[in-house]
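A.B. asks:
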Amino acid sequence: MYQFTLTSTEYPNHTVVNFDLWRFEEDGRRSLERLEHVFLPQPSGALFERSEMEFLNVVSLELEKFAQKKRDTGQ
157 MYQFTLTSTE YPNHTVVNFD LWRFEEDGRR SLERLEHVFL PQPSGALFER
207 SEMEFLNVVS LELEKFAQKK RDTGQ
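Counting in my numbering, the sequence shown runs without a single skipped number right up to 231 at its last residue.
#1: In the DSSP assignment, find the beta strand (DSSP E) that holds Arg190 and state where it starts and stops.
#2: By the DSSP assignment, the beta strand (DSSP E) with Asp176 in it spans what residues?
#3: Would you kindly work out how many angstroms separate the C-alpha atoms of Asn169 and Arg190, rounded to a whole number?
#4: Residue range of the beta strand (DSSP E) that Glu158 falls in?
#5: Which residues in the same chain have their Cβ closer than 7 angstroms to the Cβ of Ser187, if we skip the five residues on either side of it in sequence?
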């Protein structure tokens, strides 16, 4: 089974978003894969200049990276 979590940490000059994929094995073992994406502030001070759609596009791309990695490794 897999569980996906998304967390963000704001710093004075940037925001870090972590995309975590937890894998749970039947024997109770678990593993974590993490991808980080760093967002730099926009001139307006907002995380995104355009809209939340930009953020959702980044999330979608990161999820596709996870999926492609799983396909490549046969997991």
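Glycine included, C-beta positions come from ideal geometry on N, C-alpha and C. As the structure is a prediction and not an experimental result, all values here were calculated from the model.
C.D. replies: According to the structure data:
#1: Bounds of the beta strand (DSSP E) holding Arg190 are Arg186 to Phe195.
#2: Start and end: Thr171 to Phe180.
#3: Taking the straight line from one Cα to the other gives about 22 angstroms.
#4: In the sequence as presented, Glu is not what sits at residue 158; that position holds Tyr. From DSSP, the beta strand (DSSP E) with Tyr158 extends over Tyr158 to Glu166.
#5: Hits under 7 angstroms: Arg179.
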